[in-house]
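Right, one structure below, let's go through it.
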Amino acid sequence: MRPLLLHLDHFGSFREPVTVDFSDTEYFALVGPTGAGKSTIIDAICFALYGTVPRWGRENAVAHALAPSVAAGKVAMVFDSDGRRYGVARSMVRDAKGAVRTKEARLDELDPAAPLDQVFDAVVRPIAEGENVTPEAQRVTGLEYRFFTQCVVLPQGRFAEFLHAAPRERQDLLVQLLDADVYERIRQSAAREEEAAKQAASFARDQLAKLSGATDEAERELADRLAALRRLSDTIGSDLGLLRSREDDIRRAEQERAAVAERRSVLASLRMPAAVPTLASAGRAATEAAERLAAEVETLEADDHEAYEELTALGDQGAPRAALAALDARERLAAEAARARAEAGAAAASLGELATARETAEQALAAAEAQRERLRDAHAAAHLVARLAVGEPCPVCRHPVAELPRHDAPADMRTADRALAGARERAERARSAHARAETSASMLAAQADRLESELAALPASADRAALEGTLAAIAKAEEVAGEARQALRAGRARLDKARAAAAQAERQAETAWRDLEAARDRLLVSGHQDDPPPPLDRDDLHRAWTDLLGWRDRAARAAQAALTEREERLTRARDLLAAHRRRLTERLAEHGVVAPPDASPDQLGAAVATAVARADAALERLREERRRAADLERQVAAKEHEAKVAHELALRLRANAFERWLCAEALAVLVASASDTLRELSDGQYELALADKTGDIEVIDYGEAGMRRSARTLSGGETFQAALALALALSGAVARGLDSIFLDEGFGTLDPATLDTVATTLERLAAGQERMIGVVTHVPALADRVPVRFEVRRDGNGSHVRKAAIAP
Numbered sequence: 168m169r170p171l172l173l174h175l176d177h178f179g180s181f182r183e184p185v186t187v188d189f190s191d192t193e194y195f196a197l198v199g200p201t202g203a204g205k206s207t208i209i210d211a212i213c214f215a216l217y218g219t220v221p222r223w224g225r226e227n228a229v230a231h232a233l234a235p236s237v238a239a240g241k242v243a244m245v246f247d248s249d250g251r252r253y254g255v256a257r258s259m260v261r262d263a264k265g266a267v268r269t270k271e272a273r274l275d276e277l278d279p280a281a282p283l284d285q286v287f288d289a290v291v292r293p294i295a296e297g298e299n300v301t302p303e304a305q306r307v308t309g310l311e312y313r314f315f316t317q318c319v320v321l322p323q324g325r326f327a328e329f330l331h332a333a334p335r336e337r338q339d340l341l342v343q344l345l346d347a348d349v350y351e352r353i354r355q356s357a358a359r360e361e362e363a364a365k366q367a368a369s370f371a372r373d374q375l376a377k378l379s380g381a382t383d384e385a386e387r388e389l390a391d392r393l394a395a396l397r398r399l400s401d402t403i404g405s406d407l408g409l410l411r412s413r414e415d416d417i418r419r420a421e422q423e424r425a426a427v428a429e430r431r432s433v434l435a436s437l438r439m440p441a442a443v444p445t446l447a448s449a450g451r452a453a454t455e456a457a458e459r460l461a462a463e464v465e466t467l468e469a470d471d472h473e474a475y476e477e478l479t480a481l482g483d484q485g486a487p488r489a490a491l492a493a494l495d496a497r498e499r500l501a502a503e504a505a506r507a508r509a510e511a512g513a514a515a516a517s518l519g520e521l522a523t524a525r526e527t528a529e530q531a532l533a534a535a536e537a538q539r540e541r542l543r544d545a546h547a548a549a550h551l552v553a554r555l556a557v558g559e560p561c562p563v564c565r566h567p568v569a570e571l572p573r574h575d576a577p578a579d580m581r582t583a584d585r586a587l588a589g590a591r592e593r594a595e596r597a598r599s600a601h602a603r604a605e606t607s608a609s610m611l612a613a614q615a616d617r618l619e620s621e622l623a624a625l626p627a628s629a630d631r632a633a634l635e636g637t638l639a640a641i642a643k644a645e646e647v648a649g650e651a652r653q654a655l656r657a658g659r660a661r662l663d664k665a666r667a668a669a670a671q672a673e674r675q676a677e678t679a680w681r682d683l684e685a686a687r688d689r690l691l692v693s694g695h696q697d698d699p700p701p702p703l704d705r706d707d708l709h710r711a712w713t714d715l716l717g718w719r720d721r722a723a724r725a726a727q728a729a730l731t732e733r734e735e736r737l738t739r740a741r742d743l744l745a746a747h748r749r750r751l752t753e754r755l756a757e758h759g760v761v762a763p764p765d766a767s768p769d770q771l772g773a774a775v776a777t778a779v780a781r782a783d784a785a786l787e788r789l790r791e792e793r794r795r796a797a798d799l800e801r802q803v804a805a806k807e808h809e810a811k812v813a814h815e816l817a818l819r820l821r822a823n824a825f826e827r828w829l830c831a832e833a834l835a836v837l838v839a840s841a842s843d844t845l846r847e848l849s850d851g852q853y854e855l856a857l858a859d860k861t862g863d864i865e866v867i868d869y870g871e872a873g874m875r876r877s878a879r880t881l882s883g884g885e886t887f888q889a890a891l892a893l894a895l896a897l898s899g900a901v902a903r904g905l906d907s908i909f910l911d912e913g914f915g916t917l918d919p920a921t922l923d924t925v926a927t928t929l930e931r932l933a934a935g936q937e938r939m940i941g942v943v944t945h946v947p948a949l950a951d952r953v954p955v956r957f958e959v960r961r962d963g964n965g966s967h968v969r970k971a972a973i974a975p
């Protein structure tokens with residue numbers, strides 16, 4: 168993991184947005200006063216990836232991400248890992264209860280070719296959001312949070328965690344660094360492969376058992392049946408032709424019988440409509456009623472015309488109504504103007520009393536303010552006396568004090584303050600009351616003036632009784648005209664109904680003649696050309712229907728006799744067909760072909776063809792089953808062999824044995840590398856070694872004749888040297904490239920010679936490998952040797968960072 172850009176917005180002590188650019192930096196130092204926010208930059212790197220910081224005391228803690236006065240913040244970082252570029256961002260908010268929580272988190276893969284100032288927008292694919300960001304960050308960096316803080320970010324005060332860690336914890340870290348868990352995954356995969364191969368072999372054996380009937384004898388039997396069915400299919404054509412001929416005879420007999428039955432049905436359906444005998448008298452009555460009502464409507468139309476002429480002579484009622492409305496408005500405005508003028512006079516009369524009350528309240532307020540000023544001066548004088556000294560200059564007149572004055576204890580200021588507050592409140596109420604009264608009096612006077620102006624603009628008063636009489640006469644004339652119009656409408660409605668009844672009677676008669684003609688036409692079409700129905704008498708509808716029904720009865724008796732003869736002929740044809748079909752069905756059954764008793768020739772032919780196809784398919788299926796049985800036998804042997812191989816591989820890769828051996832070898836290499844660095848840092852005094860029994864890391868002290876002792880017995884400076892040596896060794900761990908290492912403080916405990924050795928080691932590490940190294944330090948001697956410095960300072964607006972010029 169190698170950071171390129173780090174953006175902080177209201178994170179920790181950084182109250183303003185700031186972006187730190189590491190893209191052209193290999194070796195840098197964060198410098199500045201204590202508390203300026205140097206470690207916060209390292210914290211932001213860790214927080215962006217894992218959502219927490221070692222300095223906050225426990226994992227998943229985010230309470231310290233925001234300052235108490237900040238409501239929201241954000242951290243974002245662009246970094247490279249394993250040849251890919253990623254962007255991670257987390258935003259925090261403070262809820263209504265004051266608790267800090269992560270509002271949003273996301274991890275994206277970015278386009279490495281995009282410019283750095285636009286890289287956050289160059290998303291290639293989203294990777295994770297929310298709670299899934301931390302697990303994906305662990306996958307991308309290859310390290311869990313607890314191991315990331317032991318070999319990439321070495322937090323302040325936690326340099327020695329790996330040095331003092333238990334053997335089991337060190338093994339967990341080495342498993343991740345070496346990718347040793349891949350062997351456990353291989354073992355688990357081998358176990359799964361073994362189980363899958365066993366299941367596949369068992370399934371193949373079960374399938375093979377289901378194919379036990381696929382024998383050579385069964386194949387010969389199916390081949391013989393297929394040959395017999397094909398011979399039957401070649402010889403059955405003539406029998407099916409005779410069967411079709413019998414069916415044609417039956418269809419012709421059925422058609423003839425259906426034609427006779429249709430003629431008989433048409434004759435039976437012929438009925439005289441019930442209204443035919445009375446249609447003529449009903450039509451005459453309807454016509455007479457319509458003529459009588461037409462005369463009544465003429466009389467009503469004359470009455471309606473006379474009533475509306477009288478109404479028109481009285482004129483429109485709009486003018487008298489408008490005159491009445493103007494008279495009502497004049498009376499209403501007169502009353503409102505008198506009332507408004509009286510209210511304005513009363514309001515003006517009350518202004519004098521309110522003005523007197525306001526002046527009294529303002530005088531009381533001035534007296535209270537003067538009393539409070541005098542009391543405040545008395546308190547100030549009493550306070551000043553306590554600091555006077557005889558012979559010293561007076562702070563007021565600047566003359567030497569000859570004698571200390573005496574002052575009685577002044578009254579309590581709070582009483583004067585309460586009296587002043589009360590006087591101010593009363594004065595304010597008096598002013599408000601006087602202002603409201605002035606406003607009200609002005610508004611009432613203006614209202615009275617407006618109403619009196621409107622009253623003067625109205626027309627002169629009219630005679631109310633005369634206007635009301637005119638309106639009453641018009642209303643009576645409208646009532647009479649309305650009654651006449653209603654009577655006319657009712658008469659016209661009765662006339663329309665009578666005319667509709669006459670038209671209905673005429674249409675019924677026409678419909679009855681058409682029905683009669685249609686019935687006679689149907690009889691002609693249905694096969695009565697030899698004995699046609701009689702011609703129609705157009706003068707009398709009832710007589711025409713009676714003649715047609717008489718002919719119908721004679722024709723129905725003849726149709727019944729013809730129908731009986733056709734049914735006997737159809738029965739004989741059906742018996743011949745059934746006998747031939749029965750013989751053919753028995754022949755098919757001898758060959759195992761089952762068909763319905765009433766099957767058609769096409770169905771019988773299809774049954775034979777289906778039997779041939781099924782026998783052919785059954786033979787092919789049996790042959791396929793025999794081939795599949797041979798394949799299954801080969802599969803069983805192959806899967807049993809695969810299961811045996813996977814079982815042997817899983818036994819060889821048991822985690823408790825292989826992983827422990829691999830980590831032990833890697834730890835030995837790691838300790839040897841760290842021992843070389845520590846020997847150089849300690850000027851040959853110390854080396855590191857592994858305890859034979861416990862596996863703990865021990866120190867060989869050549870200052871004590873090569874004595875081996877626990878690393879926990881080292882002093883603070885010595886512990887820092889040993890921990891730094893291990894951290895540098897971890898940073899170059901064998902199987903996983905760690906592209907960065909960040910050291911937070913710890914250099915202040917080193918003597919000048921050791922500090923020079925540490926600085927030289929870090930310079931060599933930064934120059935000799937592709938690895939970013941960052942240090943947080945207060946030691947000028949170390950900071951001056953770092954090529955790039957980020958200066959961190961803090962003021963009232965929070966922390967700020969500036970990238971300094973490259974050191975010479």
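The sequence shown runs 168 to 975 under the working numbering. Here a beta-carbon is modelled for each residue, glycine too, at the ideal position from N, C-alpha and C.
In angstroms with no decimal places, state the Cα-to-Cα distance between residue 726 and residue 704.
-> 26 Å
Evaluate residue 213 with the Cβ neighbour count: other Cβ atoms within 10 Å of its Cβ, from every protein chain shown; 16 or more gives buried, anything less gives exposed.
-> buried
Since I believe residue 649 is in contact with residue 467 (beta carbons under 8 Å), could you give me their beta-carbon distance rounded to a whole number of angstroms?
-> The Cβ separation is near 14 Å, so there is no contact.
Starting from residue 874, follow the alpha helix (DSSP H) in both directions and report where the run begins and ends.
-> First-last for residue 874: 874–877, but that is the beta strand (DSSP E), not the alpha helix (DSSP H).
Could you name the residues of the same chain whose beta carbon sits closer than 7 Å to that of residue 605, not counting the 5 residues immediately before and after it, in chain order?
-> 518
Out of curiosity, what's the CA-to-CA distance linking residue 660 and residue 476?
-> Roughly 24 Å between the two C-alpha positions.
Other residues of its chain near residue 960: CB distance less than 6 Å, five sequence neighbours each side excluded | 199, 203, 967
Coarse secondary structure for residue 214, derived from DSSP in three states | helix
Where does residue 580 fall in DSSP's three states?
-> In the structure shown, residue 580 sits in a helix (DSSP, three-state: H, G or I).
Please say whether residue 287 and residue 250 have beta carbons closer to each other than 7 Å?
-> no
So, using beta-carbon positions, are residue 276 and residue 258 closer together than 7 Å?
-> No.
Do residue 889 and residue 872 have their C-beta atoms closer together than 7 Å?
-> no
Compute the Euclidean distance between the alpha carbons of residue 757 and residue 399, then round it to the nearest angstrom.
-> The alpha-carbon of residue 757 is positioned some 10 Å away from that of residue 399.
Integer-rounded CB distance, given that residue 566 should sit under 8 Å from residue 572 | The pair is not a contact, with the Cβ atoms about 13 Å apart (cut-off 8 Å).
Just the Cα atoms here: how many angstroms apart are residue 302 and residue 370?
-> So the two alpha carbons sit approximately 39 Å from each other.
Whole angstroms is fine: what's the gap from residue 724's alpha carbon to residue 426's?
-> 15 Å
Candidates 283, 393, 168, 443: which alpha carbon is nearest residue 308's?
-> Selected option, being the one with the closest Cα: 168.
Might you give, ordered along the chain, the residues of its own chain that have their beta carbon closer than 6 Å to the beta carbon of residue 241, omitting 5 neighbours on each side?
-> 176, 258
What separation, rounded to the nearest whole angstrom, lies between the Cα atoms of residue 939 and residue 170?
-> 9 Å
Return the bridge partner residues of residue 221 from the DSSP annotation.
-> Residue 221 pairs with nothing; no bridge assigned.
Consult DSSP for residue 664 and reduce its assignment to one of helix, strand or coil.
-> helix
Candidates 178, 172, 174, 182: closest to residue 963 by CA position | 182
Three-state class that DSSP yields for residue 259 in the structure shown = Three-state DSSP puts residue 259 in a strand.
So what's residue 365 in DSSP terms, helix, strand or just coil?
-> helix
Which value, in whole angstroms, describes the spacing of the CA atoms of residue 539 and residue 589?
-> 13 Å
Would you call the CB atoms of residue 844 and residue 892 closer than 7 Å?
-> yes
Close Cβ partners of residue 932 (< 7 Å) along its chain, the five nearest in sequence each way excluded | 895, 938, 940
When burial is assigned at 16 or more other CB atoms within 10 Å of the CB, is residue 418 buried or exposed?
-> exposed
Cβ shell of residue 174 (< 6 Å), same chain only, five flanking positions each side left out | 186, 243
Under a Cβ-count criterion, where at least 16 other Cβ atoms within 10 Å of its own Cβ denotes burial, should residue 564 be classed as buried or exposed?
-> exposed
As assigned by DSSP and simplified to three states, the class of residue 902 | Caution is warranted here: a pLDDT of 38 is assigned to residue 902, below 50, making its placement in the model unreliable, and the coordinate value is therefore given only provisionally. The answer is coil: DSSP assigns residue 902 none of H, G, I, E or B.
Do you know offhand how far residue 267's Cα is from residue 230's?
-> Taking the straight line from one Cα to the other gives about 5 Å.
Quickly, what does DSSP pair residue 188 with across the bridge? List them, please.
-> 172
Extent of the continuous alpha helix (DSSP H) run through residue 417 = 404–436
Mark residue 557 as exposed unless 16 or more other C-beta atoms lie within 10 angstroms of its C-beta, in which case mark it buried.
-> exposed
Since residue 456 contacts residue 665 with CB under 8 Å, what's their CB separation in whole angstroms?
-> 5 Å
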